[in-house]
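Here is the structure we will look at, set down as structure tokens.
Structure follows, in structure tokens:
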């Protein structure tokens with residue numbers, strides 16, 4: 034069975050990891066600790082954006 038891979042390219046975040054983290058915290062505050070389905074999708078998008086913006090550890094050569 035063949036599986037297709039997504040070819041959608043996600044844009045690189047122009048925001049810092051700290052800025053995205055603050056938006057994640059604000060989302061949780063607005064939600065009162067329980068995310069709706071739509072909020073959960075926003076949370077997942079923000080976490081991916083945060084991970085892309087977070088500094089990556091240096092690899093040993």
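Numbering (our numbering), first residue to last: 34 to 94.
By construction, the Cβ of each residue, glycine as well, lies at the ideal position given by its N, Cα and C atoms.
Given the structure is predicted, the values throughout are model-derived calculations rather than measurements.
Query: Sort 86, 91, 77 and 69 by Cα distance to residue 52 and report the nearest one.; Result: 86
Query: What's the C-alpha gap between residue 79 and residue 65?; Result: 18 Å
Query: Report buried or exposed for residue 82, applying the criterion of at least 16 other Cβ atoms within 10 angstroms of its Cβ.; Result: buried
Query: From residue 56 to residue 90, what does the alpha carbon distance come to, in whole angstroms?; Result: 23 Å
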